[in-house]
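Peer 1: Numbering (the numbering used here), first residue to last: 15 to 454. Virtual Cβ for every residue (Gly too), placed ideally from N, Cα, C.
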Amino acid sequence: MNLVGISINHKTAPIELREALHLSQDEIIDLIPKLKKDLFEDGFILSTCNRTEIFGTSKKSLLNHRELEEFIISHKPVKGIQPDHFTKYFSCAAVKHIFSVASGIDSLIIGDSQILGQLKDAFQKSEDMHFSGSIIKRVFDSAVRVGKRAIKETLIGEGAVTVSYAAVQVVEKVYSNLDKKSALIIGAGETGELAAIHLNDKGIGKISIANRTLEKAELLANKVHGEIIPFDQLKDHLYNFDIIISATSAPDLILTHDDIKSMMKKRKGNTCVIMDIAIPRDVDNKVSELPNVFYHDIDSLKIIVDQNMRKRKSEIPKVESIILEEMTNLFSWYNALDVVPTIKSVREFFDEIRSDELNKIKHKISKEDYEKLEDMTRRMMGRILHNPTIKLRELAESGTHTQEAVIHALILKELFNLEHGRNNGSPLYNDNNGDKFEEK
């Protein structure tokens, strides 16, 4: 399979280079026609925050990976980028990499399910721009199947592997129904934003944002359909919330032991979950001693994250087994492509002979006898050709005897002159035994 690709990702390059080489949707739309014109018959471009990759079937019998690197760099110049920052893939390795990406085992966060959706979008863009031929379509179908099977048949995506998500999962263990609970997110940075988004996705009843910079608080509140609590009035509103997640970059404590003690009095002892995922900590850890306060800091949450990450890593062999199975199916299909036209031609060749001979006697026998002969000869041809065609397909699909199958196919073409077809204008004659030949 003449599938070629390059990748720059979190394993090969620092974030500065990955960000610089990232391609927007408009840039991808601009690049695909040029890629199709100069290098590929078909293919796709995938560009996310952690990777930029180009894969396709080459116009040439052998495409130098350096040409691909120069192509992307010439259209997106990046200072300091080197050939070592790219990983090169060809044929089986290319397919395996695409499947690994789809399954999440090649992601920065193992088991990341978002990448499958991003890969689907990349394939859809290729399809929309008529850059997706039969090979790429089949690779796409197989990659999506790998991704879905990895999620369904393994635990590769189970358990929180970010502190923000771990905090939300702990909250879920305390409160079974979040739709009737209220949450306060203190800090609208990346960590706080992720926590807010996760809570919103879980169907939290009410969510509020408090942040020193009002504009950032407003942006996050709009994103999660929440409200804003003025930062200087934060302590006055604490008692209204069942869940408090704090993730600021403040150098000192924001909430003291006395602040939480006062809050709990106003709550009349009702349970409150406090997740301090800031470094340094925002909340005095002594609040864990207060009745009905469930407190976790980043260290305790990291223990959960590390345990879940180990579990995900232990699932990688199962995912790799799925990848190997789907690769075998894909290459069985691909290897059979060379012999399928020959099989079809052989069947058409014999069926033409059968039809020709039947036509000779069509008006010499009854309609009933003709139908019986037609049915009998059809079954006879099927039985004669069954074993040879099945054997030829099996040889091709095995992968280990593909070349042998191709040679057999070429011999069949030569023996029956299938390259030019039977009805090529040559006169026909019968020998003394009634057999039909083409006159040479």
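Note down, in chain order, each residue of its chain lying with its Cβ closer than 6 Å to the Cβ of D120, except the 5 sequence neighbours on either side.
Peer 2: Taking the sequence shown and counting its residues from 1, the one referred to as residue 120 is at position 106. Counting only Cβ-Cβ distances below 6 Å, and skipping sequence neighbours, we find S114.
Peer 1: Near A224, which residues of its chain fall below 6 Å by C-beta distance, leaving aside the five closest residues on each side in sequence?
Peer 2: Locating residue 224 in the sequence shown gives position 210, counting from the first residue. The residues are I200, I243, F245 and L248.
Peer 1: Are G217 and D193 touching if we call contact CB-CB under 8 Å?
Peer 2: By one-based count along the sequence shown, residue 217 stands at place 203. By one-based count along the sequence shown, residue 193 stands at place 179. Going by C-beta atoms, G217 is nearer than 8 Å to D193.
Peer 1: Considering just the uninterrupted stretch of the alpha helix (DSSP H) at L234, what are its terminal residues?
Peer 2: The sequence position of residue 234 within the sequence shown is 220, counting from 1. Per DSSP, L234 belongs to the alpha helix (DSSP H) from L228 to K237.
Peer 1: What's the C-alpha gap between I10 and A174?
Peer 2: Summary: the structure shown does not reach residue 10, with the chain confined to residues 15 through 454, and so no result is reported for it.
Peer 1: With DSSP as the reference, label P441 as helix, strand or coil.
Peer 2: Numbered from 1 along the sequence shown, position 427 holds the residue referred to as residue 441. Confidence at P441 is low in this model, with a pLDDT of 37, below 50, so the placement of that residue should be treated as unreliable; the coordinate-derived value is given next. Coil, per DSSP.
Peer 1: From L252 to P294, what distance separates their C-alpha atoms?
Peer 2: The sequence position of residue 252 within the sequence shown is 238, counting from 1. The sequence position of residue 294 within the sequence shown is 280, counting from 1. If you take the alpha carbons of L252 and P294, they lie about 21 Å apart.
Peer 1: First and last residue of the alpha helix (DSSP H) that includes N349?
Peer 2: Walking along the sequence shown from the start, residue 349 turns up at place 335. Taken as a continuous stretch (DSSP letters only), the alpha helix (DSSP H) holding N349 covers I312 to A350.
Peer 1: Can you tell me which of the three DSSP states E241 falls into?
Peer 2: For the purposes of this step, residue 241 is taken as residue 227 along the sequence shown, with counting starting at 1. In this structure, E241 counts as strand in the three-state DSSP scheme.
Peer 1: In angstroms with no decimal places, state the Cα-to-Cα distance between E55 and H144.
Peer 2: Reading the sequence shown from its first residue, position 41 is the one you call residue 55. Reading the sequence shown from its first residue, position 130 is the one you call residue 144. Spanning the two alpha carbons is a distance of roughly 10 Å.
Peer 1: To the nearest angstrom, how far is the alpha carbon of S88 from that of I330?
Peer 2: Residue 88 sits at position 74 when you count from the first residue of the sequence shown. Residue 330 sits at position 316 when you count from the first residue of the sequence shown. Each residue's Cα considered, the two are about 37 Å apart.
Peer 1: Consult DSSP for A181 and reduce its assignment to one of helix, strand or coil.
Peer 2: Taking the sequence shown and counting its residues from 1, one reaches residue 181 at position 167. Of the three classes helix, strand and coil, the one that applies to A181 here is helix, per DSSP.
Peer 1: Could you check the C-alpha separation between V182 and I259 for me, to the nearest Å?
Peer 2: Translated into positions along the sequence shown, residue 182 becomes position 168. Translated into positions along the sequence shown, residue 259 becomes position 245. Roughly 9 Å between the two C-alpha positions.
Peer 1: Are the CB atoms of A164 and I336 within a distance shorter than 8 Å?
Peer 2: Here residue 336 refers to the residue found at position 322 of the sequence shown. Here residue 164 refers to the residue found at position 150 of the sequence shown. Yes. Within cutoff.
Peer 1: Are the beta-carbon atoms belonging to L315 and V185 less than 8 Å from one another?
Peer 2: Within the sequence shown, the letter at position 301 stands for residue 315. Within the sequence shown, the letter at position 171 stands for residue 185. Taking 8 Å as the Cβ cut-off, L315 and V185 do not qualify as a contacting pair.
Peer 1: Closest by CA to D98, which one among A27, A210 and A209?
Peer 2: Here the question's residue 98 lines up with position 84 in the sequence shown. Out of A27, A210 and A209, A27 has the C-alpha closest to the C-alpha of D98.
Peer 1: So which of S148, H79, V158 and K327 has the shortest CA-CA distance to D135?
Peer 2: What you label residue 135 is simply residue 121 of the sequence shown in a count that begins at 1. Minimum Cα distance to D135 is reached at V158.
Peer 1: Within its chain, find whatever has a CB closer than 7 Å to the CB of S61; leave out the 5 residues flanking it on each side and keep chain order.
Peer 2: Position 47 of the sequence shown, counted from the start, is the residue given in the question as residue 61. Only H36, L37 and I42 meet the Cβ criterion.
Peer 1: Can you tell me whether D215 is buried or exposed? The criterion is at least 16 other CB atoms within 10 Å of its CB, across all chains shown.
Peer 2: Start at 1 with the first residue of the sequence shown, and residue 215 comes out as number 201. Burial call: exposed.
Peer 1: Please report the Cβ distance between L267 and D298, rounded to the nearest whole angstrom; I am assuming they are in contact, meaning their Cβ atoms lie under 8 Å.
Peer 2: Indexing the sequence shown from 1 puts residue 267 at position 253. Indexing the sequence shown from 1 puts residue 298 at position 284. The Cβ separation is near 6 Å, so the contact holds.
Peer 1: Out of curiosity, what's the CA-to-CA distance linking K74 and I149?
Peer 2: By 1-based counting over the sequence shown, the position of residue 74 is 60. By 1-based counting over the sequence shown, the position of residue 149 is 135. Roughly 16 Å separates the two Cα atoms.
Peer 1: Could you check which residue in Y179, G125 and T168 has the C-alpha nearest to that of E207?
Peer 2: The count along the sequence shown starts at 1 and reaches residue 207 at position 193. Considering only alpha carbons, the answer is Y179.
Peer 1: In terms of residues, what are the limits of the beta strand (DSSP E) holding S156?
Peer 2: Translated into the one-based positions of the sequence shown, residue 156 becomes position 142. Looking at the DSSP string, S156 is not in any beta strand (DSSP E); the run it does join, the alpha helix (DSSP H), is S148 to E167.
Peer 1: Count the other C-beta atoms from every protein chain shown that fall within 10 angstroms of the C-beta of D389, then say buried if there are 16 or more, exposed otherwise.
Peer 2: Locating residue 389 in the sequence shown gives position 375, where the first residue counts as 1. It counts as exposed.
Peer 1: Tell me whether K195 is buried or exposed, calling it buried when 16 or more other Cβ atoms sit within 10 Å of its Cβ.
Peer 2: Along the sequence shown, read from residue 1 onward, the residue named residue 195 stands at position 181. By the neighbour-count rule (16 or more Cβ atoms within 10 Å), K195 is buried.
Peer 1: Rounded to a whole number of angstroms, what is the C-alpha to C-alpha distance between G161 and H24?
Peer 2: Locating residue 161 in the sequence shown gives position 147, where the first residue counts as 1. Locating residue 24 in the sequence shown gives position 10, where the first residue counts as 1. Looking at the two C-alpha atoms, the distance is approximately 20 Å.
Peer 1: Looking at C-alpha atoms only, which residue of R326, F100, N349 and L387 is the closest neighbour of E167?
Peer 2: Along the sequence shown, one-based indexing puts residue 167 at 153. Answer by Cα proximity: R326.
Peer 1: Can you look up N284 in the DSSP assignment and give me helix, strand or coil?
Peer 2: The sequence position of residue 284 within the sequence shown is 270, counting from 1. Of the three classes helix, strand and coil, the one that applies to N284 here is coil, per DSSP.
Peer 1: Can you tell me the Cα-Cα spacing of D445 and E371, whole angstroms?
Peer 2: Translated into the one-based positions of the sequence shown, residue 445 becomes position 431. Translated into the one-based positions of the sequence shown, residue 371 becomes position 357. Low confidence applies here, because D445 scores a pLDDT of 43, under 50, leaving its location unreliable; read the following figure in that light. Spanning the two alpha carbons is a distance of roughly 14 Å.
Peer 1: Leaving aside the five residues before and after E30 along the sequence, list all residues of the same chain whose C-beta is less than 6 Å from its C-beta, in chain order.
Peer 2: Here the question's residue 30 lines up with position 16 in the sequence shown. Closer than 6 Å at Cβ, skipping near neighbours: no residue.
Peer 1: Hey, could you find the ends of the beta strand (DSSP E) G206 is sitting in?
Peer 2: As a working mapping, residue 206 is identified with position 192 in the sequence shown. Note, G206: premise wrong, no beta strand (DSSP E); alpha helix (DSSP H) at E204 to D215.
Peer 1: Alpha carbon to alpha carbon, what distance is there between D296 and F100?
Peer 2: Against the sequence shown, residue 100 aligns to sequence position 86. Against the sequence shown, residue 296 aligns to sequence position 282. Near 41 Å, if we compare the C-alpha coordinates of D296 and F100.
Peer 1: Flag this pair as yes or no: are the beta carbons of K220 and A202 separated by less than 8 Å?
Peer 2: Walking along the sequence shown from the start, residue 220 turns up at place 206. Walking along the sequence shown from the start, residue 202 turns up at place 188. No.
Peer 1: Please determine, among A197, K50 and V333, the residue with the shortest C-alpha to C-alpha distance to F85.
Peer 2: The residue you call residue 85 lines up with position 71 of the sequence shown. The shortest C-alpha separation from F85 is found at K50.
Peer 1: Of all the alpha helix (DSSP H) runs that stay within the bounds of the stretch 89-131, which reach a length of 4 or more residues?
Peer 2: The qualifying runs are 106-117.
Peer 1: I'd like the list of long-range same chain contacts for A108, defined as Cβ closer than 7 Å, with 5 residues on each side in sequence excluded.
Peer 2: Residue mapping note: residue 108 aligns to position 94 of the sequence shown, counting from 1. Excluding residues within five positions, the ones whose Cβ falls inside 7 Å are L17, V18, G19 and F69.
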